[in-house]
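Q: One structure is given below, represented as structure tokens, and several questions about it will come after.
Numbering (the UniProt record's numbering), first residue to last: 1 to 283.
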């Protein structure tokens with residue numbers, strides 16, 4: 001699919017990004033690598049040497065929403081119709097990316113589909129049937145650039161967290177579909193996941209503990225999206241609320257920034273009430 005560009009947003013990447021990127025880069029007409037790190041990655045020169053890659057670095061962390069908008073605009077200006085959005089720690093195997101691109105290319109309702117997405121549980125079995133869903137996560141998703149201006153840009157008030165979800169909600173309210181392909185798999189590593197002893201049953205369990213700053217964005221942005229869609233997506237809101245509370249619980253029980261986390265939660269509540277959005281002041 002030469003009408004597909006891609007974007008991967010970097011933040012303090014390690015050397016595994018090269019292997020991850022090569023798992024999909026040769027399927028793209030162009031790949032935009034946008035680096036949010038303060039310093040250029042040591043791999044910048046090697047990445048930039050590929051004529052199909054544009055490496056962008058300005059020394060600022062401008063979040064996810066802004067960078068996705070930048071990439072979408074670049075891709076549209078370069079004549080692409082689709083944008084594959086990837087995390088630096090995600091990759092496809094050849095079988096799955098070929099299957100993904102072929103399916104999207106032949107999907108008869110793609111003109112009304114704002115975004116396609118895939119599955120992350122590689123052991124899961126699913127029939128080869130698309131699912132209409134309420135939201136997808138950024139990594140592994142395919143954004144329909146023909147609908148980008150009609151849906152509107154990613155909401156830069158969010159900075160990070162809930163960026164993908166809010167875009168999907170907005171697309172649905174405008175009459176477009178969000179389609180998940182549960183039979184196509186992406187390998188997605190959670191960088192913050194580790195093993196902890198459960199306080200409930202003393203068994204070892206895998207848990208993702210987020211930084212106190214990340215908890216700030218999760219709380220503030222959850223409230224922002226809930227306020228933006230007060231009468232819609234109510235079942236999704238309940239699911240998101242439970243997920244958020246579990247993340248806070250895990251952080252407070254198993255993390256080492258308890259005071260900072262509580263402080264950030266109250267800061268998130270204050271900033272949401274005061275409509276202070278975007279990048280957190282001083283962080």
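Where a beta carbon is used, it is the ideal one built from N, C-alpha and C, also for glycine. What you are looking at is a predicted structure, and each value in this text was computed from that prediction instead of being measured.
Figure out for me which residue from 87, 71, 86, 88 has the closest Cα to the Cα of residue 80.
A: Taking only the C-alpha atoms, the option nearest residue 80 is 71.
Q: Of all the options 281, 189, 209, 273, which has the alpha carbon lying nearest to the alpha carbon of residue 255?
A: Checking every option, the nearest Cα to that of residue 255 belongs to 209.
Q: Specify the secondary structure class of residue 85 as computed by DSSP and reduced to three states.
A: Note: residue 85 maps to strand in three-state DSSP.
Q: Exposed or buried, what is residue 142 when buried is set at 16 or more other beta-carbons lying within 10 Å of its beta-carbon?
A: Residue 142 comes out buried.
Q: Helix, strand or coil: which one does DSSP assign to residue 80?
A: Of the three classes helix, strand and coil, the one that applies to residue 80 here is coil, per DSSP.
Q: Name the two residues that bound the continuous beta strand (DSSP E) containing residue 160.
A: First-last for residue 160: undefined, no H or E at that position.
Q: Looking at the secondary structure, which residues open and close the alpha helix (DSSP H) in which residue 219 lies?
A: Start and end: 212-228.
Q: Which first and last residues belong to the alpha helix (DSSP H) in which residue 260 is found?
A: Segment 258-273, the alpha helix (DSSP H) holding residue 260.
Q: So, for residue 55: in the same chain, excluding its five sequence neighbours on each side, which residues have a beta-carbon less than 6 Å away from its beta-carbon?
A: For residue 55, where only same-chain residues beyond five positions count, the Cβ hits under 6 Å are 33, 44, 47, 48.
Q: The beta strand (DSSP E) that contains residue 53, what's its start and end?
A: It spans 53-57 - the beta strand (DSSP E) in which residue 53 sits, taken as one unbroken run.
Q: Below 8 Å, can you find three or more Cβ-Cβ pairs linking the segment 261-271 to the segment 214-227?
A: As far as the Cβ criterion goes, the segment 261-271 touches the segment 214-227, which means the pair count is three or higher.
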